[in-house]
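In the working numbering, the protein residues as written are 11 to 115.
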């Protein structure tokens, strides 16, 4: 993943990460992806990359806000969030670090 981030960073492109813990089966074992702690490490290791946290970690939005609020290169997405959570995101990340989007029909 670090190599992909480096490529996008060279072209000043945002990188959208679909977040919340999701499981997939690989070789008979369940693999978990999307834990917010991995994104904090990624953001800190690539400070010039534009990292978009899609769905704001969905059901753990408060944890995502607390974990990533100090990462200036992180942008939070509001899709699939409640009005209260959108307000939390806006109050923390302001207009330059949030994305207004919806994947609702």
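Ideal Cβ placement from N, Cα and C applies to all residues, glycine included. Given the structure is predicted, the values throughout are model-derived calculations rather than measurements.
Within the same chain, Cβ atoms closer than 7 Å to the Cβ of residue 110 are found at 88, the five residues on either side in sequence being excluded.
Residue 66 sits close to residue 74, with the two beta carbons spaced by under 7 Å. The continuous stretches of alpha helix (DSSP H) do not include residue 82, and DSSP gives it neither H nor E. For residue 27, the enclosing beta strand (DSSP E) stretches over residues 24-28. The beta-bridge partner set that DSSP reports for residue 35 consists of 40.
For the 7 Å CB-CB criterion, residue 26 and residue 18 do not form a contact. Contact check for residue 85 against residue 107 passes: the beta carbons are separated by less than 7 Å.
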